[in-house]
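Q:
Residue numbers (the numbering used here), protein chains in the order written: chain P, 81 to 319; chain X, 5 to 826.
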């Protein structure tokens, strides 16, 4: 197994989960917070190679790609064998910032191009770390919000209920998973009793194929047009 | 065991939806928030945050230096929650005088070099704002720009800086976003300030008028590393369309150092790394791609500046080496201008006039907001002063009221009622110091009030008068340009940037060899000379079996070669286009060079320096036809060849020659007849290029033209001979004087006695000098070299002696001349 992988104790794939996290900063929190019986952690350093643009030999020489392929156990392309999958939940846990989103697109490209059945058969998930932590004054318990809307709703409800929000440092915006202590990460994002996972589904493989080539491929002009067409749909800008 | 699956809350998300969303968020964040500059202050967020953090923390020009690690910590902690490495790199670049035309950070310590040396770690280096950076901040405290909460909501950061000088054009910007990129060159502050001033003075001018005027004011980019810009076209395109390729060149001086000629590079194109350049040159020299360089030494340093010395070999032509360096290295480089910037957070490619107009719009906003702020500050003060004046007018009543009040609230309420003032004024009166009650203080308050009222009037006029606002912007910018402006560093020269091949190849003498089979090459003439002294008969070209050298002459690499084919077409190539090969190499087939038609082969090859070097071209055919046409008519770049002569059926071109009208021609037939005549216009009328020609020589039946030789005017005919050889290996020479000049179109006189049974038919005839040597080439591939002197001199009508001993079954196929002077 690759050196970076912090594997889990159980060996039954259907019970096991692999968290793929961004960088060693997040890797530490994740390892510290996980339930090591069934949760394995693989930290990926920096921005993983864009396999849509790189030549296959370069892709396979890449350390991060190698680590991921080895950890999953299925092999790639024609050698892919779903029976060898070592974890039945492959959970991408990226930082809640735009670079995290970029890494998520890069990882999805790798999975889609090299191990498509993983996505087709519903083994790929996103973890949902909270975006905001609302620290009410007094002894009120903290609340976690997963979107701007949810945050505003919580604040309104809380204030209406007579809670007090400290002026200084009342709301924390999580920039990276490394900002959370291990326990907080477990409570909010990794504990199966509380977490919310997003399962990636594939409705239209051909359309997805096209989208990957536009977004990740060589043709800059196509990409620019896509961005211009959809610029108004941007959810949040991180400056 | 617990069933974990039951706890999980799982929602579904479609791959496409997620990809599109995540990618879009990333792409737009990079475009708007990371990689592209704002049109107003020319800064990307990280730059703005570095500068504002330094301003906010007081790391200003009038203070000492502060550790860079401290600055980076301030930037990261307060405004920019990203990697410290990226922030430090930004800070370092802002301080590098070779990166920014006008550095915004004043660094102390090792901030790297234009080469591969990085800056020292941030714990060593120190920095503070450069004085010019204060002009980016000027007026920022007077509500001139919007502020937004920082990332954790604990403080505020500006969305744009007042930027009281046009930083975007002055310092330029470069960035790669997603799906788009920007590359704006730096400019001279004085020129850009002048452009802004022109636009301020001419607010009504159309964009075309503005652009035209600005093109006259802004000469072009002005790089911190100096250098040269070649040609104005790229500059103009960049300013007119937002995109253009600007050619930059290094400044190179030619110096004599230790008796060696050296190219000394003292200024490089912008963003060229001198270390990598030196490596690249060394590599090209090693691979033999650039010739003539003996050594490359980097003698430059931070104190003395750029100095890269290229030592030339003794036989190198400096200009040619330099041209090759321009061609193959970053000694000549292009700046791909892509004038993209964010306008209201939308990336737009803009013209020069739009850059200036957007900047002016920003400045007007800054001035209006500043004026409003100042107005409101003054009005606040005036309001208080009015309260004071009312209080002083009723001083005794005020004092009595305050003394009678139980507490300050009661006193305030009393004052408001007594003096008809509002709460703010009442508070101010209560806060007034007792010494202000002195008689003279009253006058001071009146004076201050009057001054304020005058200022308020002035500020109000400014607010209502755009022309006044523009005047203020102009005056303040002039002041900055006066203080910080400097002379242009990059020279702009007119010029052709396209180096033709001739600029890259030295003009030198070479020997051109073309075989009957069509293999051609050029070989440096000195290689042949040294060989000739070494000994005769060394093998020439490594030929294919049965192939023989048919054309062998010297020419310059810049000469044209005209290839006349048997079918009457002519093709051309430069001598340097032939492969440069050694003596014993075969060369390359001309089919690689020329687009011959099927069954076409070379009948004759001539070299000319250019098409005006001689007036005429004559062509002779097997059937005895001869045609003279102006040489210039053959000057055409057509790769498919040109018709050189229209041939009758079954006729073929035998020879071609460039001549003057005073030259004479000597035609010799296979059966040994010869005809000598003058090529003047009277006997040989010039015709068009594709004409058929006239009869040059008549033949008895079964005879045909073998060769045509040219006798140049001024040739010493006494020492000239006509040398003939037969396929049986016999030859002789006869003085040229024995061939008298006749009229064109006759059957001529005997040049040799031909007896095909005993000695063979004629295969060659040459006009030679006594000092020349000839090559006799046999069908067995043997090349025999013989001095002309050793061939017996006889009369015209003789058969000659044995020239070469032939092996059984072989015969002589051709003759070639090696001239004395070659």
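For glycine and all other residues, C-beta sits at the position ideal for the given N, C-alpha and C.
Can you give me the C-alpha to C-alpha distance between residue 760 of chain X and residue 742 of chain X, rounded to a whole angstrom?
A: Locating residue 760 of chain X in the second chain gives position 756, where the first residue counts as 1. Locating residue 742 of chain X in the second chain gives position 738, where the first residue counts as 1. Their backbone Cα atoms lie some 24 Å apart in a straight line.
Q: Below 8 Å between beta carbons: does that hold for residue 107 of chain P and residue 121 of chain P?
A: Residue numbering aside, residue 107 of chain P sits at position 27 when the first chain is read from its first letter. Residue numbering aside, residue 121 of chain P sits at position 41 when the first chain is read from its first letter. Yes, the Cβ-Cβ distance between residue 107 of chain P and residue 121 of chain P is below 8 Å.
Q: Rounded to whole angstroms, what is the Cα-Cα separation between residue 253 of chain P and residue 148 of chain P?
A: To locate residue 253 of chain P, count along the first chain from 1; it is residue 173. To locate residue 148 of chain P, count along the first chain from 1; it is residue 68. About 30 Å.
Q: Could you name the residues of the same chain whose beta carbon sits closer than 6 Å to that of residue 330 of chain X, not counting the 5 residues immediately before and after it, in chain order?
A: Reading the second chain from its first residue, position 326 is the one you call residue 330 of chain X. So the list reads 336, once near-sequence residues are dropped.
Q: Is it the case that the region 173-185 of chain X contacts the region 202-220 of chain X, given that we only count it when at least three CB pairs across the two stretches are under 8 Å?
A: no
Q: Name the residue from P:201, P:95, P:234, P:181 whose alpha carbon lies nearest to the alpha carbon of residue 208 of chain P.
A: Residue numbering aside, residue 208 of chain P sits at position 128 when the first chain is read from its first letter. Of the listed residues, the one whose Cα sits closest to residue 208 of chain P is P:181.
Q: Note down, in chain order, every chain P residue with its Cβ under 8 Å from the Cβ of residue 13 of chain X.
A: Taking the first residue of the second chain as position 1, residue 13 of chain X is located at position 9. Within 8 Å Cβ-Cβ: 275, 276, 277.
Q: Does the beta-carbon of residue 5 of chain X have 16 or more other beta-carbons within 10 angstroms, so that it is buried, or is it exposed?
A: The sequence position of residue 5 of chain X within the second chain is 1, counting from 1. Reliability of the predicted coordinates at residue 5 of chain X is poor, the pLDDT of 39 falling under 50, and the value obtained from them is presented with this limitation in mind. Per the 10 Å Cβ criterion, exposed.
Q: Pair every Cβ in the region 138-155 of chain X with every Cβ in the region 12-26 of chain X, then say whether three or more of these pairs are closer than 8 Å.
A: no
Q: Can you tell me which of X:195, X:235, X:29 puts its alpha carbon nearest to the alpha carbon of residue 217 of chain X?
A: The residue given as residue 217 of chain X occupies position 213 in the second chain. Checking every option, the nearest Cα to that of residue 217 of chain X belongs to X:195.
Q: So, is the C-beta of residue 199 of chain P closer than 8 Å to a C-beta in chain X?
A: Here the question's residue 199 of chain P lines up with position 119 in the first chain. Interface residue, yes.
Q: Measuring CA to CA, which of X:254, X:26, X:170, X:49 is closest to residue 188 of chain P?
A: For this step, residue 188 of chain P is matched to residue 108 along the first chain. If we check each option's Cα against that of residue 188 of chain P, X:26 comes out closest.
Q: Considering only the alpha carbon of each residue, which of P:113, P:166, P:100 lies closest to residue 263 of chain P?
A: Locating residue 263 of chain P in the first chain gives position 183, where the first residue counts as 1. Looking at the Cα atoms, P:113 is the closest of the given residues.
Q: Taking 8 Å as the CB-CB limit, is residue 42 of chain X close to chain P?
A: Residue mapping note: residue 42 of chain X aligns to position 38 of the second chain, counting from 1. So no, residue 42 of chain X is outside the interface.
Q: Would you kindly work out how many angstroms separate the C-alpha atoms of residue 767 of chain X and residue 676 of chain X, rounded to a whole number?
A: Counting from one through the second chain, the residue named residue 767 of chain X turns up at place 763. Counting from one through the second chain, the residue named residue 676 of chain X turns up at place 672. Near 10 Å, if we compare the C-alpha coordinates of residue 676 of chain X and residue 767 of chain X.
Q: Within 10 Å of its beta-carbon, does residue 682 of chain X have 16 or more other beta-carbons around it, so buried, or fewer, so exposed?
A: On the second chain, residue 682 of chain X is found 678 positions in, with the first residue counted as 1. With 16 or more other Cβ atoms within 10 Å, it is buried.
Q: DSSP on residue 541 of chain X, reduced to helix/strand/coil?
A: Position 537 of the second chain, counted from the start, is the residue given in the question as residue 541 of chain X. A caution first: residue 541 of chain X carries a pLDDT of 40, below 50, which makes its placement in the model too unreliable to give a value.
Q: For residue 26 of chain X, go through chain P and note every residue whose CB falls closer than 7 Å to its CB, in chain order.
A: For the purposes of this step, residue 26 of chain X is taken as the residue at position 22 of the second chain. Chain P residues near residue 26 of chain X: 181, 184, 185.
Q: Going along the chain, which residues of its own chain have a beta-carbon closer than 8 Å to the beta-carbon of residue 799 of chain X, five neighbours each way excluded?
A: Sequence index remark: in the second chain, residue 799 of chain X carries index 795 (1-based). Cβ neighbours of residue 799 of chain X beyond the five flanking positions: 738, 742.
Q: Taking residue 346 of chain P as the query, report the chain X residues whose CB atoms sit under 8 Å from its CB, ordered along the chain.
A: In this structure chain P extends from 81 to 319, so residue 346 of chain P is not present and cannot be described.
Q: Considering only the alpha carbon of each residue, which of X:672, X:72, X:728, X:694 lies closest to residue 704 of chain X?
A: Residue mapping note: residue 704 of chain X aligns to position 700 of the second chain, counting from 1. Residue X:672 is the option with its Cα nearest to residue 704 of chain X.
Q: In chain X, which residues lie with their C-beta within 7 Å of the C-beta of residue 311 of chain P?
A: The residue labelled residue 311 of chain P in the question sits at position 231 within the first chain. Going along chain X in sequence order, the residues near residue 311 of chain P (Cβ under 7 Å) are 32.
Q: Would you mind telling me which residues of chain A sit closer than 9 Å to residue 93 of chain P, beta carbon to beta carbon, in chain order?
A: In summary, chain A is missing from the structure at hand, where the protein chains are P and X.
Q: For residue 378 of chain X, which residues in the same chain have their Cβ closer than 7 Å to its Cβ, ignoring the five residues on either side in sequence?
A: As a position in the second chain, residue 378 of chain X is number 374, starting the count at 1. Exclusion of the five residues before and after residue 378 of chain X leaves 146, 463 as the residues of its chain whose Cβ lies within less than 7 Å of its Cβ.
Q: If residue 132 of chain X sits next to residue 59 of chain X, beta carbons under 8 Å apart, how far is it from one beta carbon to the other, in whole angstroms?
A: By one-based count along the second chain, residue 132 of chain X stands at place 128. By one-based count along the second chain, residue 59 of chain X stands at place 55. Actually they are not in contact, since the Cβ atoms of residue 132 of chain X and residue 59 of chain X sit about 10 Å apart, beyond 8 Å.
Q: Determine the chain P residues that contact residue 184 of chain X at a beta-carbon separation under 7 Å, and present them in chain order.
A: As a position in the second chain, residue 184 of chain X is number 180, starting the count at 1. Going along chain P in sequence order, the residues near residue 184 of chain X (Cβ under 7 Å) are 304.
Q: Beta-carbon separation of residue 509 of chain X and residue 563 of chain X under 8 Å?
A: Translated into positions along the second chain, residue 509 of chain X becomes position 505. Translated into positions along the second chain, residue 563 of chain X becomes position 559. No, the pair does not count as a contact, with Cβ atoms beyond the cut-off.
Q: Cα-Cα, which of X:582, X:601, X:600, X:599 is closest to residue 592 of chain X?
A: As a first step, residue 592 of chain X is located in the second chain; it is residue number 588 there, counting from the start. Nearest C-alpha to residue 592 of chain X: X:582.
Q: Strictly under 8 Å for the Cβ-Cβ distance: is residue 8 of chain X near chain P by that measure?
A: Position 4 of the second chain, counted from the first residue, corresponds to residue 8 of chain X. Below a pLDDT of 50, predicted positions are generally treated as unreliable, and residue 8 of chain X, at 48, falls in that range; the measurement from the model is reported next regardless. True, the Cβ-Cβ gap to chain P drops below 8 Å.
Q: Helix, strand or coil: how does DSSP classify residue 236 of chain P here?
A: As a first step, residue 236 of chain P is located in the first chain; it is residue number 156 there, counting from the start. Here residue 236 of chain P sits in helix by DSSP.
Q: Looking at the C-beta of residue 87 of chain P, does it have a partner C-beta in chain X at a distance below 8 Å?
A: On the first chain, residue 87 of chain P is found 7 positions in, with the first residue counted as 1. Closer than 8 Å: no.
Q: Are any of the Cβ atoms in chain P nearer than 8 Å to that of residue 635 of chain X?
A: The residue given as residue 635 of chain X occupies position 631 in the second chain. No, residue 635 of chain X lies away from the interface with chain P (no Cβ there is under 8 Å from its Cβ).
Q: Applying the 10 Å Cβ sphere with the 16-neighbour rule, what's the burial state of residue 538 of chain X?
A: Against the second chain, residue 538 of chain X aligns to sequence position 534. Confidence in residue 538 of chain X is poor, its pLDDT being 31 and thus under 50, which makes the residue's placement unreliable; the coordinate value appears in the next sentence. Exposed, since its Cβ has fewer than 16 Cβ neighbours within 10 Å.
Q: Taking beta-carbon pairs under 9 Å, can you tell me which members of the region 260-275 of chain P lie near chain X?
A: 271, 272, 273, 274, 275
Q: Grouping DSSP H, G and I as helix and E and B as strand, with all else coil, what is residue 334 of chain X?
A: Here the question's residue 334 of chain X lines up with position 330 in the second chain. Residue 334 of chain X: coil per DSSP, three-state reduction.
Q: Using only CA atoms, which one of X:797, X:364, X:231 lies nearest to residue 471 of chain X?
A: Sequence index remark: in the second chain, residue 471 of chain X carries index 467 (1-based). If we check each option's Cα against that of residue 471 of chain X, X:364 comes out closest.
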